Amino acid sequence: MLRFVVDQPQANQRIDFYLVQKSLGLSRSRIQRLISSGKIRVNNTIVKPSYWVKVGDKIEVTIPSPRPLKIEPEKIPLNILYDDRDLIVVNKARGMVVHPGAGISSGTLVNALLYYCKDLSGIGGVLRPGIVHRLDKDTSGV
Numbered sequence: 843m844l845r846f847v848v849d850q851p852q853a854n855q856r857i858d859f860y861l862v863q864k865s866l867g868l869s870r871s872r873i874q875r876l877i878s879s880g881k882i883r884v885n886n887t888i889v890k891p892s893y894w895v896k897v898g899d900k901i902e903v904t905i906p907s908p909r910p911l912k913i914e915p916e917k918i919p920l921n922i923l924y925d926d927r928d929l930i931v932v933n934k935a936r937g938m939v940v941h942p943g944a945g946i947s948s949g950t951l952v953n954a955l956l957y958y959c960k961d962l963s964g965i966g967g968v969l970r971p972g973i974v975h976r977l978d979k980d981t982s983g984v
């Protein structure tokens, strides 16, 4: 839990603006969601994102631990142009997202590749296994 006490130069502004200035690594919209869910309190009281901080306000911020993301294999049809022990070349369909991201955890090329290729390379990290380059969602091609 993080704790702050508002002093004179920081008073008289919305709590979400105040907390953005604290360099917590959170966007203003994320801070607003934390306030609305009761994870941010002022003087031990739940407030609204529109609350204006005052001198002496004691602010407590609880940032929940991120949920671990597990990418599941999915049987999604792929246009595989080439496949051997070391390499797979796919003609990505327009509209298909390459890897999971904000709000998208299924139906991606990575989900399909995990189904077709049991041993993907660690290149690209956990969210983009085996991906060496990517095409935008609305772009098709190799």
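Under my numbering, the residue at position 33 of the sequence shown is numbered 875, and the numbers go up by one with no gaps.
Beta carbons: idealized from backbone N, C-alpha and C, even for Gly.
None of these values were measured; they are calculated from a predicted model.
Would you list the one or two residues that DSSP bridges to Gly880? In the sequence shown, counting from the first residue as 1, residue 880 sits at position 38. DSSP output for Gly880 lists no bridge partner at all.
Option nearest Asp899 by Cα separation, candidates Ser878, Val984, Val848 and Gly867: Here residue 899 refers to the residue found at position 57 of the sequence shown. Checking every option, the nearest Cα to that of Asp899 belongs to Val848.
Out of curiosity, what's the CA-to-CA distance linking Asn792 and Thr950? What is shown of the chain runs 843 to 984, which leaves residue 792 out entirely.
Would the beta-carbon of Ala944 fall within 7 Å of that of Ile918? In the sequence shown, the residue the question calls residue 944 occupies position 102. In the sequence shown, the residue the question calls residue 918 occupies position 76. Result no, Cβ atoms of Ala944 and Ile918 do not sit closer than 7 Å.
Assigned secondary structure, Tyr893 (DSSP; H/G/I helix, E/B strand, else coil): Locating residue 893 in the sequence shown gives position 51, counting from the first residue. In the structure shown, Tyr893 sits in coil (DSSP, three-state: anything other than H, G, I, E or B).
Going by DSSP, name the residue or residues bridged to Lys901. Here residue 901 corresponds to residue number 59 of the sequence shown, with the count starting at 1. One detail in the question is off: residue 901 reads as Ile in this sequence, not Lys. For Ile901, which the question treats as bridged, DSSP gives the partners Phe846 and Val884.
Count the other CB atoms, across all protein chains shown, that sit within 10 Å of the CB of Asp925; report buried if there are 16 or more and exposed otherwise. For the purposes of this step, residue 925 is taken as residue 83 along the sequence shown, with counting starting at 1. Exposed: under 16 other Cβ atoms inside 10 Å.
What's the C-alpha gap between Val952 and Pro891? Along the sequence shown, read from residue 1 onward, the residue named residue 952 stands at position 110. Along the sequence shown, read from residue 1 onward, the residue named residue 891 stands at position 49. Each residue's Cα considered, the two are about 37 Å apart.
For Asp928, which three-state DSSP category applies? Residue 928 sits at position 86 when you count from the first residue of the sequence shown. If DSSP states are grouped into helix, strand and coil, Asp928 belongs with coil.
From the DSSP output, in three-state form, read off Leu861 for me. For the purposes of this step, residue 861 is identified with residue 19 of the sequence shown, where counting begins at 1. Reduced to three states, the DSSP call for Leu861 is helix.
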